[in-house]
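Below is the structure:
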């Protein structure tokens, strides 16, 4: 129960942009997981168009997703060493549901996500370690 309350408090503070009364200016775990999910959704969109010649784009998006996932895991380990896996999985599930809802569960609508998150994720991608 304590873990759930801590997680809910963390997520609510993260979504509002405040941590202990101070405005958060640098990106955190939530931002990197969101971008990982964006690239996952885009990769799935390309794979759902079987035979369309978009396989190379699917590979590129999958690689981007993996880079964001890797860095998200590192951030989770740094910030929540005892609960990193659970925190990451909760974030992942949240954004999976959220983005599916935004595209009305139809990969043909993935452009909505691209429009909404592309610039933010491009800026975060510049800061990903190699």
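In the numbering used here, the protein residues as written are 48 to 177. Here a beta-carbon is modelled for each residue, glycine too, at the ideal position from N, C-alpha and C.
Inter-stretch contact (C-beta, 8 Å, three-pair minimum) for the segment 146-154 and the segment 120-136: Contact between the segment 146-154 and the segment 120-136 is absent, because fewer than three Cβ pairs lie under 8 Å.
3 or more residues per run - each beta strand (DSSP E) lying fully within the segment 81-165: List check, beta strand (DSSP E) in window: nothing returned.
Distance, residue 94 Cα to residue 16 Cα: Nothing can be reported for residue 16, as the shown portion of the chain is limited to 48 through 177.
Contact set for residue 90: own chain, Cβ-Cβ below 7 Å, skip 5 residues either direction: Numbered from 1 along the chain shown, position 43 holds the residue referred to as residue 90. The beta carbon of residue 90 is closer than 7 Å to those of 105, 108, 109, 112 in its chain, skipping five residues each way along the sequence.
Beta-carbon contacts of residue 146 that lie in its chain and below 8 Å, excluding the five residues immediately before and after: By 1-based counting over the chain shown, the position of residue 146 is 99. Cβ neighbours of residue 146 beyond the five flanking positions: 84, 85, 88, 160.
Burial state of residue 158, where buried means 16 or more other Cβ atoms lie within 10 Å: One-based indexing of the chain shown puts residue 158 at position 111. Exposed.
Distance, residue 136 Cα to residue 122 Cα: To locate residue 122, count along the chain shown from 1; it is residue 75. To locate residue 136, count along the chain shown from 1; it is residue 89. The alpha-carbon atoms of residue 122 and residue 136 are separated by roughly 13 Å.
Residue 96 beta carbon less than 8 Å from that of residue 142: The residue given as residue 142 occupies position 95 in the chain shown. The residue given as residue 96 occupies position 49 in the chain shown. No; because the gap between Cβ atoms is not below 8 Å, this pair is not in contact.
Where residue 76 falls, given that 16 or more other Cβ within 10 Å makes a residue buried: Translated into positions along the chain shown, residue 76 becomes position 29. It counts as buried.
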